[in-house]
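Going by full-length UniProt numbering, the letters in the sequence shown line up with residues 1 to 288, in that order.
Beta carbons are placed, not taken as given, at the ideal position from N, Cα and C, and that holds for glycine.
Below is one structure, written out as structure tokens; comments come after it.
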Amino acid sequence: MDTELARTFLTVLAAGSFIGAAELLHVSQSTVSARIRALEEQLGCSLFVRNKAGTRLTAAGRQFHKHAAVLVRTVEQARQDAGTPSGFDGVLTVGGRFGLWEELLLAWLPLMRRAAPGILLRAEIGFEEELMRGLLEGRLDIAVMYTPQSRPGLAVERLLEERLVLVASEPEAPPAPARDYVLVDWGPEFLAQHNVFFPAFSGAGLMVNIGWLGLQHIRRHGGSGYFPLRLVADELRRGRLHRVPDAPEFRLPAYLVHPEEPADAALDAALGLMRGLAASGHAEEEEA
1 MDTELARTFL
11 TVLAAGSFIG
21 AAELLHVSQS
31 TVSARIRALE
41 EQLGCSLFVR
51 NKAGTRLTAA
61 GRQFHKHAAV
71 LVRTVEQARQ
81 DAGTPSGFDG
91 VLTVGGRFGL
101 WEELLLAWLP
111 LMRRAAPGIL
121 LRAEIGFEEE
131 LMRGLLEGRL
141 DIAVMYTPQS
151 RPGLAVERLL
161 EERLVLVASE
171 PEAPPAPARD
181 YVLVDWGPEF
191 LAQHNVFFPA
201 FSGAGLMVNI
211 GWLGLQHIRR
221 HGGSGYFPLR
231 LVADELRRGR
241 LHRVPDAPEF
251 RLPAYLVHPE
261 EPADAALDAA
271 LGLMRGLAAS
281 GHAEEEEA
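Here's what the structure looks like:
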């Protein structure tokens, strides 16, 4: 079977529609439809039910999904293994949001290197859409993100809960978005909470999709913004930033996503270290 057909199937599943899959694959919708038809003809069954809401798997589609994931993952693993330098026993690829690499996954890397020195680690930064797609296609073994999607064959577990606090460069900042406020897009859950607590907010002069950009701007040019407490705890202790009193605090869960199938020893070790690191970091945050 052409793995491109299986990859297209997984992309439709990740996107939730043929149109969304076409955008992700940078092809026309008719090309996606043609590939799925070809796949269905080879298998002798229908894989998707299409309606106005998008697509959903048929019973046959649910059965094929696990085989498609294994097929694409096997090809990807073969490609990775073929490129693995001598001296390593395997490869583990981990992806995460930029903000979750800071002070979390970056601390996990050396722990994992010591725990499994024979494993080549590949680290990637991405947003939820590309991380989920990487997991479904088998390019990623583990991903850490804020807003995962439930997909067959993938386990989603809560890793930690971010405490998003309003910090400012000046100690007397108002407890609401001001003129120099930087709006960081921490995802739809955060924006929904933000709109509820600040209904009169008409928009910020600067909006960023990566927290690091907003934090660097505030450090250099002043202003205020919402950031995970674990990222700014040291800045607050040193007096470089100031917690805005009486400002609402938002909660944002972060999730660990990985294959449901039994993992090998390296994957098990990686997951265990991430869980332990998240738990210890949360305890330190509470003390701060």
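- With fewer than 16 neighbouring CB atoms inside 10 Å of its own CB, A279 falls in the exposed class.
- Linking G272 to L159 through their CA atoms gives a straight-line distance of about 11 Å.
- Take the alpha-carbon of G222 and the one of V144: they are about 30 Å apart.
- Of all alpha-carbon atoms in K66, G95, F18, the one lying nearest the alpha-carbon of A53 is that of F18.
- Contact between the segment 56-66 and the segment 140-157 is present: 3 or more CB-CB pairs across the two stretches fall below 8 Å.
- By DSSP's assignment, R122 forms a beta bridge with T93.
- Assignment of N209 by DSSP, reduced to helix, strand and coil, places it in the coil class.
- At the C-beta level, E102 and L191 stay beyond 8 Å of one another.
- DSSP, read as helix, strand or coil, puts G223 in coil.
- Look at F127 here: in three-state DSSP terms it is coil, with no helix or strand label.
- Ranked by Cα distance from S33, the first of T8, R251, P171, Y146 is T8.
- Within the model, the alpha-carbon separation for G118 versus M112 is close to 10 Å.
- Bridge pairing for E261: absent [DSSP].
- Burial check for V257: the Cβ neighbour count within 10 Å reaches 16 or more, so the residue is buried.
- Assigned with DSSP and collapsed to three states, T11 falls in helix.
- The straight-line gap separating the alpha-carbon atoms of Q193 and I125 is approximately 25 Å.
- In chain order, F98 place their CB closer than 6 Å to the CB of I210, counting only its own chain and leaving out the 5 sequence neighbours on each side.
- Residue burial is scored here from C-beta neighbours: T55 has at least 16 other C-beta atoms within 10 angstroms and is therefore classed as buried.
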